[in-house]
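Engineer:
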Amino acid sequence: MIKKPFFGYATANFRYELLSKAVAPPASLPVPQQAVFLVPDPDDLGPSGFDYQVGTRLKTGQLLRARSGNGPGVYSTVTGTVTDTSVFLGNYGQKFLSLTVQCQQEDQWSEDFSQALEKDRQQALLDFLGAAPGAADLSPFADGQTPIDTLVVLGADPDLLVETNLSVLKSDLNALARGIELIKEVFGPQSVMVVAPGDNLQNVDSHFPARAITVPLDYPAVQPLMIMQKVLKRFPAQDKTIARLGVVFCKAEAVVSAAAALTTGRLPLEKLITVIDKQGNRKLARARMGTPIGDVLRRFGIETGSRDRIIAGGPMAGTAIYSLAQPVTAETDALMVQDRAEIVMSSDYPCINCGDCVRNCPAHVQVNMLVRFLEAGQYQEAADMYELYACVECGLCSYVCPARIPILQYIKLAKFELERSLPAEEDNA
Ligand code: SF4
Ligand code: SF4
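Using my numbering, read the sequence shown as starting at 111 and increasing by one per residue.
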């Protein structure tokens, strides 16, 4: 548990907290009155590139994506009528078409998924599972770039305080086993491992269809990039992403989503979320994806003022949310609220070369030098000279930095920009 105040320690030594008591059942939210769906628009088509206007009727389970059929989509988790469309900009400028839907209480199910399953089971999972709870990206199995030999199932959440996937591991082991078997059957990875810290895998016996790998309780042992380095001994680089090293990561909740979808023929609608209030108390909630996060916070009586901070994800690597109308998505593992009195804002002060970031970095990156190149936008130099790709994105450097430099955000932006430039360079090669 992180003590309050949250910020201001000179050294960071955090441990994942075990679920020592029985997990309280999650509180279920009803079908929302209004839902919001963010439909990816990677080609910047704008509203005219989609078939959804005010008045369009949507069914539960209906696939929502660009008219061209290209690119990823999401699916509606409600039946209702579109009342508004707008352009939404996500992290790093990713574009979405935002659909607001007035919901009806009874579901009318679309046949999109069952028909896709009948036609091609693998393609159906590729098209729908990225939008299912846990947001599995199984596309590397099928893109033909690198053979995938290993599937790693995260049986716990990489960030602190978040217990969504650990809760799935503890309460849904049979569904997890079934999902692993089905994914093996459809995509055929040679090796599957389930990873969790501490003694959380003690109930996994020899019949479980995956190798149980225990990692230390010390943060950030469950971060995928840490598992790549410490467990798999494979080291990502600019031209060798995790998938290009033959590995796919999948959260436990996503595997259970696959099991539910394949065994029932219906897509799961509800996302499991860890809700963390201003005092650090944690509760679990189940809400349909598309539910405004304001509805989730209200369910637990959490009030937010004008300068409080709402974070999607955990305290170390989560991202700020700027509107209570933003929806729960397939990736919303946690919602955390920080009181305005406890927020330490990042700054544009220069690095004072104190070395705290270097001392705390689990990947031994020379962060004080790296940050100079990142601040100047010299991303390639940062990768070539100061091991940008050794960073496991734990956020410890940002946490300890007395100059309040948003180092993790710089690092993520740099990797995003370099990765975005990669296909264009390959095309030109
Ligand atoms: S550079 Fe920062 S975010 Fe990256 S591994 Fe080191 S401490 Fe963590
Ligand atoms: S980046 Fe921050 S923590 Fe690192 S040396 Fe500079 S001031 Fe210190």
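Glycine residues also receive a C-beta, built at the ideal position from the N, C-alpha and C atoms. If you're wondering where the values come from, they're calculated on a predicted model, not measured in any experiment.
For N463, verify whether its CB is less than 7 Å away from any heavy atom of ligand 2.
Structural biologist: yes
Engineer: Going straight from the alpha carbon of E535 to that of A347, what length do you get?
Structural biologist: With a pLDDT of only 45 at E535, under 50, the local geometry of the prediction cannot be trusted, and the value read off the model is given with reservation. Rounded to the nearest angstrom, the two C-alpha atoms are 16 Å apart.
Engineer: Helix, strand or coil for P250? Go by DSSP, reduced to three states.
Structural biologist: helix
Engineer: In three-state terms, what does DSSP make of Q232?
Structural biologist: It is helical.
Engineer: Taking only the alpha-carbon atoms, compute the straight-line gap between I293 and P307 and give it to the nearest angstrom.
Structural biologist: 23 Å
Engineer: Please look up how many angstroms separate the CB atoms of T170 and S220, rounded, as I've assumed it's under 8 Å.
Structural biologist: With 8 Å as the limit, T170 and S220 qualify as a contact, their Cβ atoms being about 6 Å apart.
Engineer: Whose C-alpha, out of L335, P157, D153, is nearest the C-alpha of K522?
Structural biologist: When C-alpha distances from K522 are compared across L335, P157, D153, the shortest belongs to L335.
Engineer: Is any non-hydrogen atom of ligand 2 found closer than 7 Å to the C-beta of I515, if you look at the structure I gave you?
Structural biologist: yes
Engineer: Within 7 Å: the Cβ of D466 and any heavy atom of ligand 2?
Structural biologist: yes
Engineer: Excluding the 5 residues flanking A322 on each side, which residues of the same chain have their C-beta closer than 7 Å to its C-beta?
Structural biologist: V304, L311, V314
Engineer: Would you check whether ligand 2 has a heavy atom nearer than 7 Å to the C-beta of V263?
Structural biologist: no
Engineer: Thinking just about the alpha-carbon of each residue, which of I453, F359, E380 is nearest to the one in R398?
Structural biologist: Restricting attention to I453, F359, E380, the CA atom closest to the CA of R398 is found in E380.
Engineer: Going by CA-CA distance only, name the one from K340, L271, I258, P330 that's closest to S301.
Structural biologist: I258
Engineer: So the candidates are L173, T193, V447, Y509; which of them puts its Cα closest to the Cα of Y185?
Structural biologist: L173
Engineer: Compute the Euclidean distance between the alpha carbons of D464 and Q519, then round it to the nearest angstrom.
Structural biologist: At residue 464 the sequence reads Cys, which differs from the Asp that was named. Each residue's alpha carbon lies about 20 Å from the other.
Engineer: Applying the 10 Å Cβ sphere with the 16-neighbour rule, what's the burial state of M495?
Structural biologist: Exposed is the call here.
Engineer: Let me check you understand the geometry: is the CB of V475 closer than 7 Å to at least one non-hydrogen atom of ligand 2?
Structural biologist: No, Cβ of V475 sits at least 7 Å from all heavy atoms of ligand 2.
Engineer: Per DSSP, D194 forms a beta bridge with which residues?
Structural biologist: T210
Engineer: Between the segment 478-493 and the segment 421-429, do three or more beta carbon pairs fall short of 8 Å?
Structural biologist: Between the segment 478-493 and the segment 421-429 there are fewer than three inter-stretch CB-CB distances shorter than 8 Å, so the stretches are not counted as touching.
Engineer: Just how far apart, CA to CA, sit G159 and A176?
Structural biologist: 6 Å
Engineer: Going by other Cβ atoms of all chains shown within 10 Å of its Cβ, with 16 needed for buried, is R167 buried or exposed?
Structural biologist: Label assigned to R167: exposed.
Engineer: Classify A369 as buried or exposed, calling it buried when 16 or more other Cβ atoms lie within 10 Å of its own Cβ.
Structural biologist: buried
Engineer: Got a sec, what are the start and stop residues for the alpha helix (DSSP H) I297 sits in?
Structural biologist: It is Phe, not Ile, that sits at residue 297 in the sequence shown. It spans 283-297 - the alpha helix (DSSP H) in which F297 sits, taken as one unbroken run.
Engineer: Taking the beta carbon of Q436 as the centre, do at least 16 other beta carbons fall within 10 Å, making it buried, or is it exposed?
Structural biologist: buried
Engineer: Quick check: is any heavy atom of ligand 1 less than 7 Å from the C-beta of G424?
Structural biologist: no
Engineer: Say whether the segment 208-224 touches the segment 139-147, bearing in mind that this needs 3 or more beta-carbon pairs closer than 8 Å, one atom from each stretch.
Structural biologist: yes
Engineer: With which residues is T170 paired in a DSSP beta bridge?
Structural biologist: W219
Engineer: Please check the pair F410 and V385, which I expect to be a contact at CB under 8 Å, by giving their CB distance rounded to whole angstroms.
Structural biologist: 6 Å
Engineer: Check Y432 in the structure and name its three-state DSSP category.
Structural biologist: coil
Engineer: What would DSSP say about Y162, mapped onto helix, strand or coil?
Structural biologist: coil
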